[in-house]
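Visitor:
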Amino acid sequence: MVVHHCPASAIRVNRGDYVTIHNNTVYSNTWWSRSAESAIVLAQSEHIDESNAFKMRLTHNFVYDNVNKIPYYNPTYVWNYSPIGGLNCGNYAECEEGLLSCPWQCRYGKATQNYIIDGSGVYVTRNEDTYLFGQMEVSYNTCHGNGINGVVFHRTNRGTVNQNIIYSNGIVPTLEPEEHVEDWHAGASGQPRQPYSGLVLNNAESMKLWSNKVAARYESDFAFQQVKDNSGSSPPLQAGGNNKVCNGLVSINPSTAVTAVHDLSVCGIVKASSSGFPSSSPTALPTHSPSSSPTTQPSYISMVPTLYPVMQPSSLEPSFEPTPLTLELSLFISDIALQMKPNKKGTKWQPKITFKLKDEEKKKVGGATITLSWNTTFANGASKSGTVAKTTPSNSKKLGIAKIKLPAFKLTGKKATDLIDVGMISILADGYYYRSELNSLYDEHCPLFSFLCPVLTIALLSE
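Each residue of the sequence shown is one higher than the last, beginning at 959 in our numbering.
This is the structure:
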């Protein structure tokens, strides 16, 4: 599906469960809304069962040129209220009078807001209080040229962010002179955007971060950033690694989850031609360092807030064109087999899953690391969960074959049925791009570990 030139969000799901947003091209949205929208949004999701499998998925989407060009405005906000900044806005008389001397945090959502700090590509937000069971996945998306960040997990737990390409976001001005000035910049002239333009985990816990490639717009922007309220320390990632940063700063716990690379093309960076559109050859990013505080404004930017802008888009052509990337070879599960090994007394069973991996040319793939999640629901109502990983050998005899053993499970009792749900976290291999939709079929129904059949269910039956 292609979604473009919607004034607000392109695709948004509130209060959902078991939602998959897959294989969409989403561009040039969120331009003319005062509601602080992002392009693709999952918000305030609500679990409908107690399964801890992957149930909310945003995968294989191409998301670009989605920018808020109007400051956020909420007419329900009273003068002394602000959801950001932690200030007691009631202490500032100038806020009640609606003056620009009121602190910028207290002007958020008011008629005097003359800055823009909202609007990203993929935004997963405010799910921590309503989505208590289930995991969320944001994988294989390409996000560039969006207003603030490419991908954000905000107040949402138990997420996996995997193999996304994120570059050249942060199109909202930083108050440094822009190379190409547009009329909507006037509404963003009172305060710089936050110094992030990549992948942000904002008050998000139990997160997994695998093989993402991120380039911030500027060297002084954060490409990878964890944020915690009141400047607190962010919890460490639950798992992760093999993430690459091509430009920008990194603040991730632990820092070893991200490594720097010098080849900008790894993160999708392309050279802009004289026409303003990308060309196919890599180039360096802008090198100026945005200031962290407002600066003296050039004469072409007005400090007067505009509540009802009169500017209109000159055409319905996207202002940031997609550029085809050189993709890696596709990788998929060509075959899968399950074995159950009991102990001598028959009181415990240990599942072993054998994977065979091939690429789109039907060649066996070695050196791939498979990471699985598992969640056990026992007949007595108890549950356990965990992860396990295995790398396929690169030698010719066992090339492309991985045998993964799950823990040994003790049966609850006689005539009981215990269930194990196995999900795929990632398959990572240099030079390859995992495509779950090509996997072998599950019960002759749909590709295993795809968005249609996300889990393999194993039943442990006692006599």
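Ideal Cβ positions, reconstructed from N, Cα and C, are used throughout, including at glycine. Keep in mind that this is a model prediction, so the values were computed, not measured.
If I measure Cβ to Cβ from I954 and keep anything under 7 Å in the same chain, skipping five residues before and after, which residues do I get?
Guide: This structure cannot speak to residue 954, because the chain is shown only from 959 to 1421.
Visitor: If you follow the beta strand (DSSP E) that C1204 is in, where does it begin and where does it stop?
Guide: The residue given as residue 1204 occupies position 246 in the sequence shown. Run containing C1204: 1201-1205, per the beta strand (DSSP E) assignment.
Visitor: Run the CB neighbour count on H1138, radius 10 Å, all protein chains shown included, and call it buried at 16 or more, exposed below.
Guide: Counting from one through the sequence shown, the residue named residue 1138 turns up at place 180. Flag for H1138 reads exposed.
Visitor: With a 10 Å radius around its C-beta and 16 neighbouring C-beta atoms as the bar for buried, classify K1368 as buried or exposed.
Guide: Counted from its first residue, the sequence shown places residue 1368 at position 410. That one is exposed.
Visitor: So G1105 and V1021 are in contact, right, with Cβ under 8 Å, and what is the actual spacing, rounded?
Guide: Here residue 1105 refers to the residue found at position 147 when the sequence shown is read from its first residue. Here residue 1021 refers to the residue found at position 63 when the sequence shown is read from its first residue. 11 Å between Cβ atoms; not a contact.
Visitor: With DSSP as the reference, identify every bridge partner of I969, one or two as the case may be.
Guide: Your numbering for residue 969 matches position 11 in the sequence shown. Note: I969 sits in a beta bridge opposite I998.
Visitor: Touch check for the region 1338-1345 and the region 1300-1313: three-plus C-beta pairs under 8 Å?
Guide: Not touching, per the Cβ criterion.
Visitor: Counting pairs of Cβ atoms below 8 Å between the region 1019-1035 and the region 1091-1107, do you hit three or more?
Guide: With the cut-off at 8 Å, the region 1019-1035 and the region 1091-1107 touch.
Visitor: Between G1206, A968, Q1149, which has its C-alpha nearest S1059's C-alpha?
Guide: Stepping through the sequence shown from its first residue, residue 1059 is reached at position 101. Selected option, being the one with the closest Cα: Q1149.
Visitor: Indicate whether K1314 and K1363 have their beta-carbon atoms separated by less than 9 Å.
Guide: Sequence index remark: in the sequence shown, residue 1314 carries index 356 (1-based). Sequence index remark: in the sequence shown, residue 1363 carries index 405 (1-based). Cβ atoms of K1314 and K1363: not closer than 9 Å.
Visitor: What is the DSSP secondary structure of A1146, reduced to helix, strand or coil?
Guide: Here residue 1146 corresponds to residue number 188 of the sequence shown, with the count starting at 1. Note: A1146 maps to helix in three-state DSSP.
Visitor: Output the boundary residues of the alpha helix (DSSP H) element that contains E1054.
Guide: The count along the sequence shown starts at 1 and reaches residue 1054 at position 96. Here the alpha helix (DSSP H) through E1054 covers 1051-1054.
Visitor: Assign P1435 to buried or exposed, taking buried as 16 or more other Cβ atoms, counted over all protein chains shown, within 10 Å of its Cβ.
Guide: Because the chain spans 959 through 1421 in this model, residue 1435 falls outside it and cannot be assessed.
Visitor: Counting C-beta neighbours from all protein chains within 10 Å, is the total for T1350 16 or more, i.e. buried, or is it exposed?
Guide: Taking the sequence shown and counting its residues from 1, one reaches residue 1350 at position 392. Flag for T1350 reads buried.
Visitor: Runs of 3 residues minimum, wholly inside the region 1018-1106: which ones carry the beta strand (DSSP E) assignment?
Guide: Qualifying beta strand (DSSP E) stretches, in chain order: 1020-1022, 1080-1083, 1093-1097, 1100-1102.
Visitor: Pull up the DSSP beta-bridge partners for G1381, would you.
Guide: As a working mapping, residue 1381 is identified with position 423 in the sequence shown. DSSP lists S1331, V1413 as partners of G1381.
Visitor: Could you check whether Y1031 and Q1093 sit closer than 9 Å to each other, using their CB atoms as the reference points?
Guide: Indexing the sequence shown from 1 puts residue 1093 at position 135. Indexing the sequence shown from 1 puts residue 1031 at position 73. Not a contact, by the Cβ cut-off of 9 Å.
Visitor: H1220: buried (16+ other C-beta within 10 angstroms of its C-beta) or exposed?
Guide: On the sequence shown, residue 1220 is found 262 positions in, with the first residue counted as 1. The residue in question, H1220, is exposed, as its Cβ has fewer than 16 Cβ neighbours within 10 Å.
Visitor: Evaluate S1331 with the Cβ neighbour count: other Cβ atoms within 10 Å of its Cβ, from every protein chain shown; 16 or more gives buried, anything less gives exposed.
Guide: The sequence position of residue 1331 within the sequence shown is 373, counting from 1. With 16 or more Cβ atoms within 10 Å of its Cβ, S1331 is classed as buried.
Visitor: Name the two residues that bound the continuous beta strand (DSSP E) containing Q1422.
Guide: The question about residue 1422 has no answer here: the residues shown for the chain are numbered 959 through 1421.
Visitor: Pick out whichever of I1006, T1214, P1153 has its Cα sitting closest to the Cα of Y976.
Guide: Counting from one through the sequence shown, the residue named residue 976 turns up at place 18. Nearest C-alpha to Y976: I1006.
Visitor: Work out the CA separation of Q1121 and F1407 for me, nearest whole Å.
Guide: Within the sequence shown, the letter at position 449 stands for residue 1407. Within the sequence shown, the letter at position 163 stands for residue 1121. Distance between the alpha carbons of F1407 and Q1121 is about 16 Å.
Visitor: Consult DSSP for E1395 and reduce its assignment to one of helix, strand or coil.
Guide: Translated into the one-based positions of the sequence shown, residue 1395 becomes position 437. If DSSP states are grouped into helix, strand and coil, E1395 belongs with the helices.
Visitor: Put D1388 into one of helix, strand or coil per three-state DSSP.
Guide: Reading the sequence shown from its first residue, position 430 is the one you call residue 1388. Correct three-state label for D1388: coil.
Visitor: Would you say T1329 touches the ligand GDP, meaning its beta carbon is less than 8 Å from a heavy atom?
Guide: Only the bare structure without any ligand can be found here, which leaves the ligand GDP out of the picture.
Visitor: Would I1210 pass as a contact of N1200 if the rule is Cβ separation under 9 Å?
Guide: On the sequence shown, position 252 is the one that residue 1210 refers to. On the sequence shown, position 242 is the one that residue 1200 refers to. No, Cβ-Cβ distance for I1210 and N1200 is not below 9 Å.
Visitor: Could you tell me which of A1326, K1316, N1397, D1379 sits nearest to L1386, measuring between CA atoms?
Guide: Looking up residue 1386 in the sequence shown gives position 428. Here the closest residue by C-alpha is A1326.
Visitor: Can you give the Cα-Cα distance for E1319 and A994, rounded to whole angstroms?
Guide: Taking the sequence shown and counting its residues from 1, the one referred to as residue 1319 is at position 361. Taking the sequence shown and counting its residues from 1, the one referred to as residue 994 is at position 36. In a straight line, the C-alpha of E1319 is about 45 Å away from that of A994.
Visitor: Which one of S1288, T1312, L1289 has the shortest CA to CA distance from Q1297?
Guide: Position 339 of the sequence shown, counted from the first residue, corresponds to residue 1297. Checking every option, the nearest Cα to that of Q1297 belongs to T1312.
Visitor: Pick out whichever of K1027, N981, M959 has its Cα sitting closest to the Cα of A966.
Guide: The residue given as residue 966 occupies position 8 in the sequence shown. Minimum Cα distance to A966 is reached at K1027.
Visitor: Mind checking whether S1003 and N972 have CB atoms under 9 Å apart?
Guide: Counting from 1 along the sequence shown, the entry for residue 1003 is found at position 45. Counting from 1 along the sequence shown, the entry for residue 972 is found at position 14. Yes. Within cutoff.
Visitor: What does a CB cutoff of less than 6 Å around L1357 pick up in its chain, not counting 5 residues either side in sequence?
Guide: Taking the sequence shown and counting its residues from 1, one reaches residue 1357 at position 399. The answer, listed in chain order, is K1322, G1324.
Visitor: Out of curiosity, what's the CA-to-CA distance linking S1155 and V1109?
Guide: For this step, residue 1155 is matched to residue 197 along the sequence shown. For this step, residue 1109 is matched to residue 151 along the sequence shown. Straight-line Cα distance between these residues: approximately 9 Å.
Visitor: Who pairs with H1112 in a beta bridge, going by DSSP?
Guide: For the purposes of this step, residue 1112 is identified with residue 154 of the sequence shown, where counting begins at 1. Answer is T1083, N1160.
Visitor: Does the Cβ of H1403 have 16 or more other Cβ atoms within 10 Å, making it buried, or fewer, making it exposed?
Guide: Locating residue 1403 in the sequence shown gives position 445, where the first residue counts as 1. It counts as exposed.
Visitor: Ends of the beta strand (DSSP E) at A1174?
Guide: The residue labelled residue 1174 in the question sits at position 216 within the sequence shown. From DSSP, A1174 is part of no beta strand (DSSP E); its letter is neither H nor E.
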